[in-house]
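Numbering (our numbering), first residue to last: 2 to 73. Quick reminder that beta carbons are idealized off the backbone N, C-alpha and C, glycines included. Below: one structure, written as structure tokens.
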Ligand code: SF4
Ligand code: SF4
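If you want it as structure tokens, here you go:
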């Protein structure tokens, strides 16, 4: 069962992949087709049901592009 909900501000993302590297359940990736207005492929979630709400991704993002909400 999902314990966290991750939201991306895709326009802030620079596609650095730091969030992807720190996710313990490996559910983040760069979007395959979407490109934001800065020319970057934004990060996205592959399987929202596996998010444990740890917020590692949000803490690591240098651009403040990620918000994690706890699923009560
Ligand atoms: S909150 Fe944790 S488990 Fe969920 S996407 Fe971010 S790093 Fe992965
Ligand atoms: S850490 Fe932030 S800027 Fe880097 S890919 Fe993830 S969401 Fe985008």
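### Message
Restricting to runs no shorter than 4 residues, where is the alpha helix (DSSP H) found entirely within the stretch 33-66?
### Response
57-61
Notebook entry, point to check: Roughly how many whole angstroms lie between the Cα atoms of residue 34 and residue 42?
Noted result: 7 Å
Q: Figure out for me which residue from 70, 21 and 9 has the closest Cα to the Cα of residue 37.
A: 9
One or two residues paired with residue 5 in a DSSP bridge
71
- Message: I need the boundaries of the alpha helix (DSSP H) containing residue 20, first residue and last residue.
- Response: 19-23
Checklist entry - Smallest Cα separation from residue 50: which of 71, 15, 59 and 32? => result 71
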